[in-house]
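Structure, as structure tokens:
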Amino acid sequence: MTVPFGEPAAAAVARLGSRYHSAYFASDPLAATADGVPGYDDEMPDPSRDARDRVANELGAIADELATVDDGALAGEDWLSHQILARLLRYEHDARVHGLEEVAVTASVAGAFPGIVGIVPLANVSTPDGAQAYLSRLAKVGEFFDRLGSRHVQAAAEGRVPTALGVQQAIDQIEGYLSTPLHADALLQPASGSVQAAAAELVSGLVRPALARHRDILADRLLPVGRGDGQVGVCHIPGGAEGYRSAVRRHTTTELSPDEIHRMGKDLVAQLRVEFAERGERVLGTGDVGEVLRRLRDDPSLRFRAGSEIVATVTDALRRAEQAVPDWFRPYDIAPCVVREMDPAEAANSVLGYYLAPAADGSRPGAHVINTLDPHLRPRFEYEALAFHESVPGHHLQIGTAQRMADLPEFRRFAYLTAHGEGWGLYAERLSDEMGLYSDDLARLGMVSFDAWRACRLVVDTGMHYHGWSRQQAIDYMRDNSALSDVNIANEVDRYIADPGQALGYMIGRIRLRELRDRCRAHSGEAIKTFHHEVLSHGTLPLDTLDVQLSRVFPTG
Numbered sequence: 068m069t070v071p072f073g074e075p076a077a078a079a080v081a082r083l084g085s086r087y088h089s090a091y092f093a094s095d096p097l098a099a100t101a102d103g104v105p106g107y108d109d110e111m112p113d114p115s116r117d118a119r120d121r122v123a124n125e126l127g128a129i130a131d132e133l134a135t136v137d138d139g140a141l142a143g144e145d146w147l148s149h150q151i152l153a154r155l156l157r158y159e160h161d162a163r164v165h166g167l168e169e170v171a172v173t174a175s176v177a178g179a180f181p182g183i184v185g186i187v188p189l190a191n192v193s194t195p196d197g198a199q200a201y202l203s204r205l206a207k208v209g210e211f212f213d214r215l216g217s218r219h220v221q222a223a224a225e226g227r228v229p230t231a232l233g234v235q236q237a238i239d240q241i242e243g244y245l246s247t248p249l250h251a252d253a254l255l256q257p258a259s260g261s262v263q264a265a266a267a268e269l270v271s272g273l274v275r276p277a278l279a280r281h282r283d284i285l286a287d288r289l290l291p292v293g294r295g296d297g298q299v300g301v302c303h304i305p306g307g308a309e310g311y312r313s314a315v316r317r318h319t320t321t322e323l324s325p326d327e328i329h330r331m332g333k334d335l336v337a338q339l340r341v342e343f344a345e346r347g348e349r350v351l352g353t354g355d356v357g358e359v360l361r362r363l364r365d366d367p368s369l370r371f372r373a374g375s376e377i378v379a380t381v382t383d384a385l386r387r388a389e390q391a392v393p394d395w396f397r398p399y400d401i402a403p404c405v406v407r408e409m410d411p412a413e414a415a416n417s418v419l420g421y422y423l424a425p426a427a428d429g430s431r432p433g434a435h436v437i438n439t440l441d442p443h444l445r446p447r448f449e450y451e452a453l454a455f456h457e458s459v460p461g462h463h464l465q466i467g468t469a470q471r472m473a474d475l476p477e478f479r480r481f482a483y484l485t486a487h488g489e490g491w492g493l494y495a496e497r498l499s500d501e502m503g504l505y506s507d508d509l510a511r512l513g514m515v516s517f518d519a520w521r522a523c524r525l526v527v528d529t530g531m532h533y534h535g536w537s538r539q540q541a542i543d544y545m546r547d548n549s550a551l552s553d554v555n556i557a558n559e560v561d562r563y564i565a566d567p568g569q570a571l572g573y574m575i576g577r578i579r580l581r582e583l584r585d586r587c588r589a590h591s592g593e594a595i596k597t598f599h600h601e602v603l604s605h606g607t608l609p610l611d612t613l614d615v616q617l618s619r620v621f622p623t624g
């Protein structure tokens, strides 16, 4: 199909962007709810291969039509829309073709069950339509897990099997959920009264039995054939090597090879060890990197004592950042941000925290969701950097700003590319030091540890999925080169196993953002505000497209 005769190029891009937006969120209505996009709260994804193929074909058809649009006839935001849409279509199509999600059985944040528990309770049931949508979605959760189990079995018959450890962790997670009293079920939390009673019937009669069936499939059909800890990378499954290269392109928006990224990561880790030594001497009285990491990881005085302390730390950091924003950013009218504790059903194998976008209609604020499970195992020095990454000046400022850009087409206000999105979150951690937001030198040492963590990702993600590293090799490398606790290292490595390539976007994006800022000589005053505006105000951008846009704004950079 080609663009209708006589249709202006800008109108064609707008039409195709709207078509992509609808196709993407129709295929993943949970993502729509998480991103605050209205109209999908009554639906569940269809995880079957047939649905995957239908969506891939639709995205491919949109891409083919977009390719007939002359981007030379476009300027300004219309040109950016064309560039962004072309990349989104390519990446989303290829992800579905390679289908790596069908081997991603995990209890980590990348898993199916944590996604359900984290997103379904976001439902707004304050209106009759909202309550009905919530109940309609609950009624479809059981079918989702039945289809998901069938797809895993189908993939396993072709030798595309998940890791045995991921399967066992998912089994344990589901069993923990099923043992929870119904009145405490996370899926019932949005509702009260008659709506909650109706939801309880759906959860007890449909959702929990389906999860029990799903657990049995995992235990009986997948666990016996699961990959061992020595073969956790997707390079060990049919089609995995090609799928990984595609994932690397998608998450970094570059043509860097896995091997190039692996070497880049090792160089960065070496550089950060020098900074560990310098800051460790100042804070801990030793420049021996091994001793610095040991002290940070093992000193009980550096741990929290209660979950309430974690909440207070990240909330205080968020409020300090909000006060400092006007000196570094143009004014934006964005939704508020709150701090929320992760549900226990999700927390055991999950990450330190994550961000949930506000609802587009203003019914829900943005939220920094934090893991407060076992606070005595969680280092105090990590959580300020985490707050700046997930809330302000990180994801909340970034996503909240994009959502409110009314002049942008809808697909751009809600689209997401890892290198731009997570690159900004990681950039925000170092920017917060420039802004004077860290409370002390220990918290700044936590910032360095977070940098080392993301540099290690470049090594261990490519190590497992491209070079064939074992899970233990990845854990050992992160333990030798970051101050993350043992439990967080294990959870992180399991997340990288389940979501190949995603972890690469953070540091690749951050490096490029800093390079572009230095080229633009944007260090203070109006220059830094303009630089930040260009990074934030166009929605998500491939890194090379951002480069072109900044060259227009800073032509003598």
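Residue numbers (the working numbering): 68 to 624.
Note that beta-carbon positions come from the ideal geometry of N, C-alpha and C, so glycine has one too.
{"query": "Based on Cα-Cα distance, which residue from Ala93, Ala78 and Arg521 lies nearest to Glu132?", "result": "Ala78"}
{"query": "Please state the DSSP three-state secondary structure of Leu613.", "result": "helix"}
{"query": "With DSSP as the reference, identify every bridge partner of Arg407, one or two as the case may be.", "result": "Val436"}
{"query": "Which residues in the same chain have their Cβ closer than 8 Å to the Cβ of His281, if we skip the five residues on either side of it in sequence?", "result": "Phe212, Asp213, Leu215, Gly216 and Ile241"}
{"query": "Per DSSP, which residues does Arg294 bridge with? Please list them.", "result": "Thr230"}
{"query": "Is it buried or exposed for Val292, if we count other Cβ within 10 angstroms and need 16 for buried?", "result": "exposed"}
{"query": "Looking only at its chain, what residues have a beta carbon closer than 8 Å to the beta carbon of Asn558, apart from the 5 residues adjacent to it on each side?", "result": "Ser175, Asn416, Ser417 and Val418"}
{"query": "Measure from the alpha carbon of Val80 to the alpha carbon of each residue in Asp614, Asp528 and Leu475, then state which is nearest.", "result": "Leu475"}
{"query": "Using 8 Å as the cut-off, can you tell me whether the stretch 216-226 makes contact with the stretch 151-163, which would need three or more C-beta pairs spanning the two stretches below that distance?", "result": "no"}
{"query": "Classify Leu453 as helix, strand or coil using the three-state DSSP reduction.", "result": "helix"}
{"query": "So what does Leu423 bridge to, in DSSP terms?", "result": "Ala434"}
{"query": "According to DSSP, simplified to helix, strand and coil, what is Arg445?", "result": "coil"}
{"query": "In three-state DSSP terms, what is Arg370?", "result": "strand"}
{"query": "Relative to the alpha-carbon of His329, which residue among Asp239, Leu617 and Arg524 has its alpha-carbon at the smallest distance?", "result": "Arg524"}
{"query": "Please confirm whether Thr485 and His605 have their CB atoms less than 9 Å apart.", "result": "no"}
{"query": "Under 9 Å, do Met574 and Gly490 count as touching if we go by C-beta distance?", "result": "yes"}
{"query": "Below 8 Å on the Cβ atoms is my guess for Glu650 versus Pro305; work out the distance and round it to an integer in Å.", "result": "An answer regarding residue 650 cannot be provided, because it is not within the stretch 68 to 624 covered by the chain."}
{"query": "List the whole-angstrom C-beta distance separating Thr173 from Ala237, where the pair is believed to meet the contact cut-off of C-beta under 8 Å.", "result": "6 Å"}
{"query": "Touching or not, the stretch 94-101 and the stretch 109-118, by the rule of three or more beta carbon pairs under 8 Å?", "result": "yes"}
{"query": "Determine whether the beta carbon atoms of Leu369 and Leu504 lie at a separation below 9 Å.", "result": "no"}
{"query": "Since Leu83 and Leu147 are thought to touch, with beta carbons under 8 Å apart, how far apart are those beta carbons, to the nearest angstrom?", "result": "Contact doesn't hold; Cβ gap of about 14 Å is too wide."}
{"query": "Which parts of the stretch 306-389 are runs of the alpha helix (DSSP H), unbroken and 4 residues or longer, counting only runs that do not cross its ends?", "result": "307-319, 325-351 and 356-365"}
{"query": "Take Pro276 and list the residues in its own chain whose beta-carbon comes closer than 8 Å to its own, dropping the five residues that flank it on each side.", "result": "Gly209"}
{"query": "Which of the three DSSP states is assigned to Glu210 in this structure?", "result": "helix"}
{"query": "Is Ser85 helix, strand or coil when you go by DSSP?", "result": "helix"}
{"query": "Buried or exposed for Ala473, please, with buried defined as at least 16 other CB atoms from any protein chain shown within 10 angstroms of its CB.", "result": "exposed"}
{"query": "Once the 5 residues before and after Gly513 are set aside, which same chain residues still bring their CB inside 6 Å of it?", "result": "Phe448, Glu449 and Ala452"}
{"query": "In the DSSP assignment, the alpha helix (DSSP H) including Gly490 goes from what residue to what residue?", "result": "Thr485 to Glu501"}
{"query": "How is Pro75 classed by DSSP in three states: helix, strand or coil?", "result": "coil"}
{"query": "Between the alpha carbons of Gly73 and Val136, how many angstroms are there, rounded?", "result": "11 Å"}
{"query": "Compare the beta carbon distance of Ile542 and Val560 with 9 Å and say whether it is the shorter of the two.", "result": "yes"}
{"query": "Assign His590 to buried or exposed, taking buried as 16 or more other Cβ atoms, counted over all protein chains shown, within 10 Å of its Cβ.", "result": "exposed"}
{"query": "Please return the same chain residues whose Cβ sits closer than 7 Å to the Cβ of Pro442, not counting the five positions on each side in sequence.", "result": "Phe371, Arg372, Ala373, Gly374, Glu376 and Ile377"}
{"query": "Report the residue from Leu335, Pro425 and Asn191 whose alpha carbon sits nearest the alpha carbon of Pro403.", "result": "Pro425"}
{"query": "Could you check the C-alpha separation between Ser430 and Ser193 for me, to the nearest Å?", "result": "10 Å"}
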